[in-house]
Amino acid sequence: MSVRVRFAPSPTGPLHIGGVRTALYNYLFAKQLGGTFILRIEDTDQGRFVPGAEQYIIEALSWCGIYFDEGVSIGGPYGPYRQSERKESYKPFAEQLVKDGHAYYAFDTAEELELRRTEEHKISKGMFQYDGKTRLTLRNSLTLSEEEVRTRLEKGEQYVIRIKMPENQEVRLTDLIRGEVVVNTTTLDDKVLFKSDGMPTYHLANVVDDHEMKITHVIRGEEWLPSAPLHVLLYRFLGWENVMPAFAHLPLLLKPDGNGKLSKRDGDRLGFPVFPLRWTDPVTGEVSSGYREAGYLPDAFINFLAFLGWNPGTEQEIFDIEDLIQSFSLERVNKAGAKFDLEKARWFNQHYLKTKDDIILGLLLRKQLDEAGIAWPAIEYVDHAAHLIKERIVLIGDLLPQSLFFFLDPVTFDAETIKKRWKPETAEIIENLRLVFESTDFSHSDELETAFKNYLETKNLGTAAVLSPLRLVVTGMGGGPGMFDIMHHIGKDATLRRMKHYKLDN
RNA sequence: GGUCCGUUCGUCUAGCUGGCCCAGGACGCUAGGUUUUCAUCCUAGAAAUCAGGGGUUCGAAUCCCCUACGGACUACCA
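The C-terminal residue of the first sequence carries number 607 in the numbering used here, and the numbering is unbroken.
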């Protein structure tokens with residue numbers, strides 16, 4: 102039987118990196134086994150629907166290079182893939198459960214239950230649960246007469262369907278990451294399966310859909326572990342236990358400082374994105390930063406994310422998506438949550454950047470030049486500029502500031518360098534050097550270097566004392582690629598012009 | 001409060017069938033080297049009494065128990 106897995110986010114906002122990692126692991130698992138990866142949208146809570154969230158999810162996965170085989174927007178044999186569009190398919194199962202005595206109608210209003218909850222909390226400090234101990238004190242088809250229930254339903258009174266949690270039974274499930282997990286049903290509550298608005302809750306919808314979509318492995322976040330026994334019970338009561346999917350609950354992604362689940366707020370509070378793409382809240386207009394806009398390469402982002410909770414067991418750190426598909430295994434996923442480490446993300450990005458083709462970097466640089474309204478002479482010229490700086494950039498956004506001098510004469514000059522290297526006699530040296538270069542062939546950087554060295558020798562000057570000021574007037578910067586490579590690349594005219602017209606007035 | 005899950009360098013982690021671990025790698029950090037500068041690259045170093053305690057054993061990070069701490073869940077949210 103072929104493997105089928107799904108990533109099932111709810112469109113309540115942007116997908117955060119924990120979600121991206123869940124999607125990634127699902128994807129890697131499916132692809133390694135030649136299986137199918139499905140994107141299903143869990144929008145059973147119409148109250149939390151956020152416009153644009155679904156589109157964001159699709160775009161984010163696409164940017165990451167995580168492609169699904171079936172799902173919303175592309176369809177497939179088990180569609181529709183939006184739960185709101187499958188609305189009609191859940192109710193019969195809920196009613197079947199009632200008929201079989203595994204569920205019941207409940208007429209308590211949300212307000213009544215809320216009241217009960219606060220009361221209970223005052224008295225016992227514990228949490229009120231709608232369960233085997235309390236359900237007979239509440240208004241439902243177990244306490245009301247058959248007649249009464251029928252009239253209420255006929256009158257169209259609001260109701261929910263709750264699971265009738267069996268008493269004192271051990272439910273065990275095997276988690277692919279954690280092993281055997283056993284829970285006694287008396288600690289579980291009578292969860293709502295079907296809401297008064299005609300929609301199922303996650304618990305029912307997820308079980309019905311996973312079954313109908315022939316999902317073989319449910320790989321999801323650890324926050325679902327406590328309700329997994331409930332899901333097992335549902336499979337059992339629905340008669341599907343023999344074809345129930347395998348479960349794997351992934352460890353959480355934690356805040357870099359302190360503990361706790363990484364949340365949407367943490368990112369901009371701590372100065373790093375928690376979202377793959379920038380997101381603008383449609384209601385508040387609040388903007389949250391994204392990895393794409395912050396200058397990360399998708400492959401670096403994915404490599405980094407894959408290692409948050411998984412490792413190959415070898416000393417290899419660099420894995421492209423194909424490597425990950427090859428090597429990934431659920432058995433090697435950690436049990437404990439992982440804290441997010443921005444420094445390591447930056448290191449991965451720098452690594453991927455410096456190994457990228459010049460043509461790709463050139464393309465990115467041209468985009469930035471265009472956006473800044475800076476003219477560039479030729480594609481090859483830009484590509485080579487990118488080549489010269491690729492080992493000293495960490496983020497894509499560093500491309501432009503690091504290579505600006507290839508396109509514009511500097512107007513500002515690094516203050517640190519002026520302070521350290523600019524002496525009263527330096528201006529004269531630069532002028533002498535300019536005369537030397539005037540009669541030098543710029544077609545090879547070697548010749549420039551030779552001419553420079555010869556000059557130093559005749560004047561008995563040290564390299565550092567002269568090269569630094571030269572770099573300063575030509576590029577405005579205190580560091581950068583090989584100076585003679587720069588001069589060769591920008592050409593004789595620009596070099597000599599800059600050596601004559603610089604203004605260090607800052 | 002209850003249930004469940006977890007706990008190895010600052011961080012990500014190796015270690016899963018006990019001895020090769022007075023714990024290895026990576027990021028970061030420190031120091032050297034290469035380089036005309038910055039970055040890259042190379043080398044070296046500091047950094048975990050394996051949460052704590054008790055067992056089992058000739059021997060435990062690795063097996064068992066207890067404790068502590070952390071987290072998740074505990075909605076007609078997912």
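By construction, the Cβ of each residue, glycine as well, lies at the ideal position given by its N, Cα and C atoms.
Beta-carbon spacing of residue i, residue j below 8 Å
i	j	result
Ser-103	Gly-153	no
Val-282	Leu-351	no
Leu-305	Tyr-191	yes
Gln-259	Ser-225	no
Tyr-303	Glu-418	no
Arg-535	Lys-601	yes
Gly-172	Ile-118	no
Leu-378	Tyr-157	yes
Ser-540	Asp-586	no
Ala-131	Thr-123	no
Leu-466	His-590	no
Glu-492	Lys-455	yes
Per DSSP, the bridge partner or partners of residue i
i	result
His-488	Looking at the DSSP assignment, His-488 forms no beta bridge with any residue, so it has no partner.
Gly-176	Gly-172
Ile-139	Arg-107, Glu-171
Asp-276	Gly-280, Phe-348
Val-261	Ala-207
Phe-295	Ile-262, Pro-301
Arg-183	Ile-142
His-318	Val-106, Ala-347
Asn-241	Ala-207
Val-434	Trp-411
Local Cβ density within 10 Å of residue i, reported as buried at 16 or more and exposed below that
i	result
Thr-596	buried
Arg-149	exposed
Leu-355	buried
Ser-430	exposed
Ile-264	buried
Glu-478	Note that residue 478 is Pro in the sequence shown, not Glu. It counts as exposed.
Lys-292	buried
Asn-404	buried
Val-388	exposed
Glu-155	buried
Ser-111	buried
His-222	exposed
Ala-211	exposed
Local conformation of residue i per DSSP, three classes
i	result
His-350	strand
Val-567	helix
Arg-379	coil
Pro-152	coil
Lys-356	coil
Trp-325	helix
Ser-546	helix
Asn-412	coil
Gly-166	coil
Ala-439	strand
Lys-362	strand
Asn-285	strand
Ser-246	coil
Ser-190	helix
Gly-498	helix
Gly-119	helix
Glu-387	coil
Glu-268	coil
Phe-553	helix
Met-588	helix
Whole-angstrom distance between residue j and residue i, CA atom to CA atom
i	j	result
Phe-507	Gly-580	14 Å
Thr-113	Asp-310	20 Å
Phe-376	Ser-390	7 Å
Val-495	Asn-450	6 Å
Tyr-397	Gln-469	15 Å
Ser-428	Gly-280	21 Å
Gly-592	Asp-606	25 Å
Phe-229	Thr-286	16 Å
Val-575	Pro-502	15 Å
Lys-554	Ala-487	27 Å
Gly-368	Asp-358	11 Å
Glu-160	Phe-169	12 Å
Leu-214	Tyr-205	17 Å
Tyr-453	Leu-557	39 Å
Phe-108	Ile-320	8 Å
Ala-195	Gly-299	11 Å
Leu-505	Gly-563	28 Å
heavy atom of the ligand SAM below 7 Å from residue i C-beta
i	result
Thr-275	The ligand SAM is absent from the structure shown, which contains no ligand whatsoever.
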